[in-house]
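Undergrad: Protein chains in written order, with my numbering: chain A, 1091 to 2118; chain B, 189 to 682.
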Amino acid sequence: MKTKLRIILTLFLAFTVQLSFAQQLTVTGNVTDDSGMPLIGATIAIAGTSTGTSSDFDGNYSIKANQGDVLSFSYVGYTTQDVTVGESSTINVTLLADNTLEEVVVTAYGIQRQKKTLTYQAEAVGSKELMKVAPTRAASALAGKVAGMQINVQSNGVNPTTQILLRGLRSISQNNSALIVIDGSVASQGAFDALNPNDIESINVLKGATAAALYGSAASNGAILVETKSGEDGGAFKIGITTANTMESVAYLPKFQSEYGTGWQGVYDPVENTNWGPRFDGTLRQIGPTFPENYPLQTQMVPYAPVENNLLDFYNTGNTLQNTLYASGSSEGSSFYMSVGNQTTSGIVPNDTYDRNTFRVNASKKLGNLTLKLASNYIRDKQSVVGSTIGDQDRTLYWFVLNTPANIPLSQYSDWSNPEGYGYADNYYNAYYQNPYWAIGTNRVNSNSSRLTANISASWDISESTNFTTRLGVNTGNGGGKNWRAAQTYNEDLQPAHSAVSSFVTDYESSFITYTTDAILSTKFDITKDIDVIALLGATNKTQKSRSSTIAVTNISIPGFYDVSNGTGQPVVSVDESVKKSYGVFSDFTFGYKDYLFLNLAGRYDFTSTLPSGDNSYFYPYAGLSFVATDAIPSITNGALSYLKTTLSNSTVYNDLGPYLNNETFGQSTGFPFGNLNGFFQTGTAVDSSLTKEKINTTEFGVNAAFFNNRLTIDAAYYLTNSTDLITFTTPSLSSGASSFLTNIGEVEGKGYELTIGGTILKATDFSWDVNVNYTANEQKVKSISEGVNEITITSDGEVGIFAIVGEDFPQMKATSYQRDPQGRVIIDAASGNPQVGELKNMGKTTPDYILGLTSTVNYKNFSLSATMDYRTGHVYYEQGSDAMEFTGRSLESVSANRQDFVFPNSVVETSPGVFVPNTNIPITDGKQDYWTNTYNEIKENYVKDATAFKIREVALNYTIPADVLKKTPVSSVNIGFIGRNLFTWLPAENHFSDPEFNNSNSNAIGIGGYFQSPPTRSYGFSVNIEF
Amino acid sequence: MKNILTTMKTLLVLLVLGSCSDSYLDVNVDPNNPISVSPDLILPVALNYTAGLEERDRGQNHLGNMFMGAWSQSDGFSWYNDEFLYLVTPSFYQRIFDTTYGTILKQYKGLEVLEGAQYGNYQAISKIMQAMHFQILVDTYGDVPYSEALQRGGNPTPKYDDAETIYDSLVNQLTDAISLITATADVTGALVPGDDDGVFNGDMTKWKQFANSLKLRILVRQSDLAGKSTYIQEQFNAINAEGSGYMTDDVTINIGYSQTESQQNPKWNGFGEDVSGTKTLTNNATCATPYVLDRLTSTNDGRLDLLFEKPGTGHLGVVQGLQEYDSPVVDQYVPDLVSNIGPGILKGPNQDAVIYTAAEAYFNLAEAALKGFIANDAQTMYESGITASFDYLGASGASNYYAQNIPTVGWAASTNKLEAIIVQKWLGVMGINALQSWFDFNRTGYPSDVPMSLLSTKPNRPVRLAYPSSELTANSNNLPTQQDVFSSKIFWAN
């Protein structure tokens, strides 16, 4: 520890030395590219000093320098030019474009490579593209920007969680989420979400297993390599502040009927949560209980008419304020970046709040041929949200909001704590569900967490061509919180139907730590004049530990005192610990022939603690080829084509298990011990005694081309994945005595295309228009499972679920369907006229056929307008909420026949087996209610909807104050942005409920969502960045 | 290419061997969950599961009461539509299949597979309890997985066995269990269950008697089957010869139920009160039918106020499938005004869970006697059954009740003795093991006047349940064709 501190101190000392200035002349000028266009933001630095500036929107710059100083002009993608200051105070510079595709990129383990030597496809997203709309989470800002990537949202509250999928799902039971690597060390989705997005320099997406093979098993789903800011390119010293303030409001609610109100079976009922009453007539009617004489409240009367926006008005406008203060700088051999960030969010749900503080220190120092680096990040956050087990039925908040009839002015019931208010439990209008305002006041989850992600590395240049780098990374954190619910009893006369709500307190704590260590020896040498080799030999080690504990008590004695000591009865206590260790060694050889043909051969040997000791190691190879045609045959570079490269690669990656999964176990049974009598149950999971690793083979073919002097770039990839011996929780018959069987099964085959087209459509003085379009098509088919088994349940409630089915796309949705005749007509029951519930039927895949993303940026003078949008289609999702709303009679469908009996369209009657006669006269039964709540609601096919969506995810208008305006101020740059997120969503007409991107789970059970999340929101606001 | 890979691999292995030791990876022993436990920790859990499925809301007893016209629904609830519609889809009460195999039998099987003669008693208890559950499965679904069942990973897709074959095998299983108990008595060091046996507290003689009572249930259920009478007679003779006799007390499970979260008796927990003493919603939702109240009233049945709670305003039932609750009088059927489940059924948080009532045992004996399989006096058995039922509920006046000159009440007054036995058995298991009365109804058609639900569009109530959706998914190759649940009867009813 002491040594570590000393290193940090040394680094800091190094930065503080050089902040002095001498008397100088002011050099001004203009930086342009070879076509005469101004280069905005080009760096102008005085070589050998820490002084620097950057060009403004017109390419103009101004810097104080002495005669004889060397000014270094640099710009990403252009060759740096040095000019010595002479007598003239004006220096105009024209920078020549690099071949952009020869840029250096960061690959696995932070190894930098020339892009043309890469034998696979990778795509980078820079800080600017990420930060356009001041996101609170970097993941959400990636949506629509990278081909092959799909971002799914599990919850959209104040602390959202997301899932990142690259190229679909390869494994049926195992994790399909991309590996997250931060500053060269393996991290986690949680660490990525916790990052202050302002600290991110760039994100490099390694889309397939071929790119990520060096990371081994963990990277079978591709990898997201995050590099945080180093200060290396920022000139001498810079302080900046970024502030963003955004408002969040409900974008849309489900479309509901507003013709019928409170009641049951067509009869008005003042205390119902359902809308099966008579048609609205505008008369004044009682709602809620009849109050006795001398009661402080009058029996409540409201017009029997729909209240406009009665649910929408329940939600607040949320607010997020983000501030980041940062400083960075570099001088010869050293650089640093440090930042302090704060996010304060209040949500759309009243009283939901989230606060986060982030601290980052990154530094590097070169000492002779040794470079030391530190990247460290400490995050603390605090959250208070409404509980998710509200009322006597343990429902989520949205449920209570949705269970409000159309004629109820919901937002008037916020006085839940006032015994003389209509919102008070005994006075509330609803006899079955609680007041959501009461829920907010009496059901809370308050939690906090802290996290440290840090890594230190030492890189030793042993000789000109040989380097040894070692890195130690840690990702550790802990968190805890309390979930509590107050008890509620009811006056039996006023609320005879209400069941009392019991109280509980659950206290939990968790901690985790992941260590990674890597060591890599690399060397370069020539075999012949034409053939050179880059060779790597590396070893890596990873240890993951976690521990969590929960204490839950119920029926507390002292109201309002939420401590586990206050519970009665037997507390439920659980503690879980886990450890997983693995290590691997790898080598990687890249043979280059005449700098245009590259062969990459690599292999990795992995050892894991989670497979049986005889079978816990495995080797996997990687081979790739890259051919730069434009370098090999320069003559093909004509007016149009400026660059052409093709890649071909193949890799095999094996996956291991989670900890402790290779044994069948017992667990303490619920309720035990009964006194001194303890009891254990055999868990439902049976484990195959010959369980082994799973195998994923990937072949990728890629093309990278550039045209018209790199003004148009096209990147395309086609890939095939084949997963076999999948470690899968298969679904055995329950009659086997197991509810799941962990075994190696079957084969999943995937293929897909990715296409990214980037280009400058228009370019003129003061004006440019850039567009980036990306297209992703992916399909995964289950080729086989195992003998006698044709499908595997990922999740199912018996009526609807997600499955892996032989011959079908994965994941596949199945739901109870209409019984149909061979012509597809709905078969009705001759007696009732009602359609009949058929078996579970395939409804379609739940991941899109394709995703089309588009980012457009228009620059005019100092203004920049950009937008990111995407379109997903070809998949379905199950609208859990509209299913639930059928019972309450708020669905649009329930009024589609004016609550009358009707003849089911295009239906048939089976008059004798196999004979179907069109039904023209038998109407359905009980169209006033039961048809909808029973028959229609049993056929879950009705709630499986087209998940197509078009979203405008980001819109930003930025204005940069011209440099000459700021000349006389200490301020070097000011950027003001007006920003919007998810401003517009288009959904097909049949999906009038919610955002199909919402998922209840971050597992492979994609496609079920609705009422566990809050309604979809949009955000808008402004951001300001000021640098000194 | 291959050579390069091999060389690479060798180099890497050498590197690793130099750097890491074997024990480094030796951390995969689960610190949270044991991989084996002793039988005294398995049995109470299994018994608790058995009690739960029988007694919980939407468990076996619940379904029996809905199908057999005893229970209905109060105003303010829309809970029992599927039951009133007889909407027997693959998800309808699929718990009876799924929980029996996936939770209960799985747990009992964990006792049967223990190796060693010292575990004989636990193995025998396991066989007996498995037999009880398998019979209910057959009676509910017909053909079910049996011979290949419960092998977990060893056979993830067990085949379906013929229902009648399973029945015969169950009798043999019970015979084996009795022999095993006898043999284990001579094994030194044999484990004898204690508190963990929440049924008989380790009294293995009573387990033998219970095994015989289960045989009795199996044999009587198929006693109308043509060509089976010789077999049935042989089996009764064998029971007599073995000599342990039948269990004629209520067979109950109690592993220490108390008014504590997750430790209440499952019926009380579902239909009675929660641990804080508040009536559950299911208590409010569930009430008597007018049909059952009328029958009890018209026969001067002392069990009336114990089977159903008597509101201050007098007994009131709700017709099954009623939709117009507020017509002609608004709120006439709210929970406070209707006859909810009574105090003879809901006794308290620590009440025993009943899996085989003494009354049912007597009525089964009465039927066996009536049909001449056993020498007992049918009338005595019948009247003992009624007395046992009164006793369980805490009612008085059994002898006055069965002395009445009312058909299906008094023995002499009943010209159709079988009808009297089945009707009284229906009352004897009502609210307790009511699913048994549905099986008897499917077999005999008694009680013959149980009304159909108002919501029904079918000519009769279901005679079986549909195979569950879990099997459609996980065992489709073996699953027999779904039978018509309204007409395709279980083998013993044909």
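From the three backbone atoms N, C-alpha and C, an ideal C-beta is built for every residue, glycine too. Please read all numbers here as calculations on a predicted model, not as lab measurements.
Would you say residue 355(B) faces chain A, with C-beta separation under 8 Å as the test?
TA: no
Undergrad: Just to confirm, is the Cβ distance from residue 477(B) to residue 1919(A) under 8 Å?
TA: Result no, Cβ atoms of residue 477(B) and residue 1919(A) do not sit closer than 8 Å.
Undergrad: At the level of alpha carbons, what is the spacing between residue 361(B) and residue 660(B)?
TA: 29 Å
Undergrad: Within 8 Å, do at least three Cβ pairs link the segment 1780-1789 of chain A to the segment 1221-1240 of chain A?
TA: no
Undergrad: Do you know offhand how far residue 682(B)'s Cα is from residue 318(B)'s?
TA: 25 Å
Undergrad: Given a limit of 8 Å on CB to CB distance, which residues of the segment 2084-2106 of chain A reach chain B?
TA: none
Undergrad: Could you check what DSSP says for residue 1775(A) in three-state terms: helix, strand or coil?
TA: strand
Undergrad: Rounded to a whole number of angstroms, what is the C-alpha to C-alpha distance between residue 2117(A) and residue 1417(A)?
TA: 9 Å
Undergrad: Any idea if residue 527(B) is buried or exposed, counting beta-carbon neighbours within 10 angstroms, 16 or more meaning buried?
TA: buried
Undergrad: For residue 1903(A), which of helix, strand or coil comes out of DSSP?
TA: strand
Undergrad: Buried or exposed for residue 1438(A), please, with buried defined as at least 16 other CB atoms from any protein chain shown within 10 angstroms of its CB.
TA: The residue is buried, with at least 16 neighbouring Cβ atoms inside 10 Å.
Undergrad: Is residue 297(B) close to chain A? Criterion is C-beta to C-beta, closer than 8 Å.
TA: yes
Undergrad: Residues in the segment 1651-1670 of chain A with C-beta within 7 Å of chain B's C-beta atoms, listed in sequence order?
TA: 1659, 1660, 1666, 1667 and 1669
Undergrad: Less than 8 Å separating the beta-carbons of residue 1833(A) and residue 1818(A)?
TA: yes
Undergrad: Establish whether the CB of residue 294(B) and some CB of chain A are separated by less than 8 Å.
TA: yes
Undergrad: Taking residue 1427(A) as the reference, give the member of 1445(A), 1450(A) and 1411(A) with the closest Cα.
TA: Of the candidates 1445(A), 1450(A) and 1411(A), the one whose C-alpha sits nearest the C-alpha of residue 1427(A) is 1450(A).
Undergrad: Using 8 Å as the threshold, is the segment 299-310 of chain B in touch with the segment 364-373 of chain B, meaning 3 or more CB pairs across them?
TA: The segment 299-310 of chain B is in contact with the segment 364-373 of chain B.
Undergrad: May I ask you to list, following chain order, the residues of the segment 1899-1921 of chain A that have a beta carbon less than 7 Å from some beta carbon of chain B?
TA: 1919 and 1921
Undergrad: Between residue 624(B) and the rest of its own chain, which residues show a CB-CB distance below 6 Å, the 5 nearest in sequence each way excluded?
TA: 617
Undergrad: Which of the residues in the segment 336-349 of chain B, read from start to end, lie with their CB under 7 Å from any CB of chain A?
TA: Against chain A - using a Cβ distance shorter than 7 Å - the residues of the segment 336-349 of chain B are 337, 338, 339, 340, 341, 343, 344, 345 and 346.
Undergrad: Of the choices 2021(A), 1773(A) and 2084(A), whose alpha-carbon is the least far from that of residue 2039(A)?
TA: 2084(A)
Undergrad: Taking the continuous alpha helix (DSSP H) assigned at residue 315(B), which residues delimit it?
TA: 308-329
Undergrad: Please identify the residue among 655(B), 368(B) and 493(B) whose C-alpha is closest to the C-alpha of residue 584(B).
TA: 493(B)
Undergrad: Using DSSP with H/G/I as helix, E/B as strand and the rest coil, what is residue 1595(A)?
TA: Strand, per DSSP.
Undergrad: Taking buried to mean at least 16 other C-beta atoms within 10 Å of its own C-beta, is residue 675(B) buried or exposed?
TA: exposed
Undergrad: What residue range does the alpha helix (DSSP H) around residue 579(B) cover?
TA: 566-581
Undergrad: How many Å lie between residue 1282(A) and residue 1415(A) at the Cα?
TA: Here the alpha carbons of residue 1415(A) and residue 1282(A) stand approximately 20 Å from one another.
Undergrad: Return the chain-ordered list of same chain residues with a C-beta closer than 7 Å to the C-beta of residue 1533(A), the five sequence neighbours on each side being excluded.
TA: 1476, 1477, 1480 and 1575
Undergrad: Sort out for me which residues DSSP pairs residue 552(B) with in a bridge.
TA: BP columns for residue 552(B) are empty, so no partner.
Undergrad: Please list the partners that residue 279(B) has in chain A, where partner means a Cβ-to-Cβ separation under 7 Å.
TA: 1888 and 1889
Undergrad: List the residues of chain A whose Cβ lies closer than 9 Å to the Cβ of residue 232(B), in chain order.
TA: 1759, 1762, 1764, 1767, 1768 and 1769
Undergrad: For residue 1634(A), write down the residues that DSSP places opposite it in a beta bridge.
TA: 1604(A) and 1670(A)
Undergrad: Pull the bridge partners of residue 621(B) from the DSSP assignment, please.
TA: According to the DSSP secondary-structure assignment, residue 621(B) is paired through a beta bridge with no residue.
Undergrad: When you compare the CB of residue 212(B) with every CB in chain A, is at least one pair closer than 8 Å?
TA: For residue 212(B), the answer is yes, since a Cβ of chain A falls inside 8 Å of its Cβ.
Undergrad: Nearest to residue 1535(A) by alpha carbon, out of 1587(A), 1548(A), 1371(A) and 1596(A)?
TA: The shortest Cα separation from residue 1535(A) among 1587(A), 1548(A), 1371(A) and 1596(A) belongs to 1596(A).
Undergrad: Using the C-alpha atoms, what's the distance from residue 1808(A) back to residue 1611(A)?
TA: 33 Å
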